[in-house]
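> Below is a structure I'd like to ask you about.
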Amino acid sequence: LSNAGVTITDIDYINAHGTSTPINDASETKAIKAVFGEHAYNVPVSSTKSMVGHSLGASGSLEAIVCINSINDGVLHPTINQDEPDPDCDLDYIPNVAREVEVNVTLSNSFGFGGQNACLIIKKFM
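First residue of the sequence shown: 90, per my numbering; consecutive thereafter.
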C-alpha cells in the first residue's frame, strides 16, 4: 500500500485470490483483516475464480483485467454460488449479484504455489 502511495481507506474493491477452499479463504480473510483492521468490513471483496475457475498462471492477468474493468465500468462482479458463507469469511464478499459502485482504486491478491505471492494495486488514471 505504501509503495503505491495509497492508504487502506483508498481501496474501493479487493479482488480476492479466493479459491473457495476452506484454508485458503479463511487465511485470506484473516490477512485482509490484519491489513485493513475494522475497515476490512467496508471494502467489497469478490473472487473471479467463482465464475471461471482457477486459471493457474493466467489468474493474475485475468484478475488485473477484472480490476481495470471495475474501474472503467463501475461494476463489481459477484462471488457466485455463495449461498452458505463460511463463518470465518465474514467480509462483504458481494454474494451472487453484481454491484454498481464508483471504483477508483483496486487491490488484487494472487497467491501461487510455493509461496510466490503478489498484491497488485490499480488506480484510476486521473
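Beta carbons are placed, not taken as given, at the ideal position from N, Cα and C, and that holds for glycine. The structure displayed is predicted, hence computed values, not measured ones.
1. On the criterion of 16 or more Cβ atoms from any shown chain inside 10 Å, does Phe200 qualify as buried, or is it exposed?
2. When DSSP labels each residue in this structure, what does Phe214 get in the three-state scheme?
3. Once you ignore the five residues that flank Asn206 on each side, which residues in its own chain have a CB closer than 6 Å to its CB?
4. Short check: CB of Asn209 to CB of Ala129, under 8 Å?
5. Quick check: Asn104 and Val155, are their CB atoms within less than 8 Å of each other?
Taking the structure as given:
1. Counting the other Cβ atoms within 10 Å of the Cβ of Phe200 gives 16 or more, which makes it buried.
2. Coil at Phe214, not helix or strand.
3. These residues qualify, in order along the chain: Phe200.
4. Correcting the residue identity first, residue 209 is Leu in this sequence and not Asn. Not in contact: Leu209 and Ala129 (Cβ atoms no closer than 8 Å).
5. Pairing Asn104 with Val155 gives a Cβ-Cβ distance under 8 Å.
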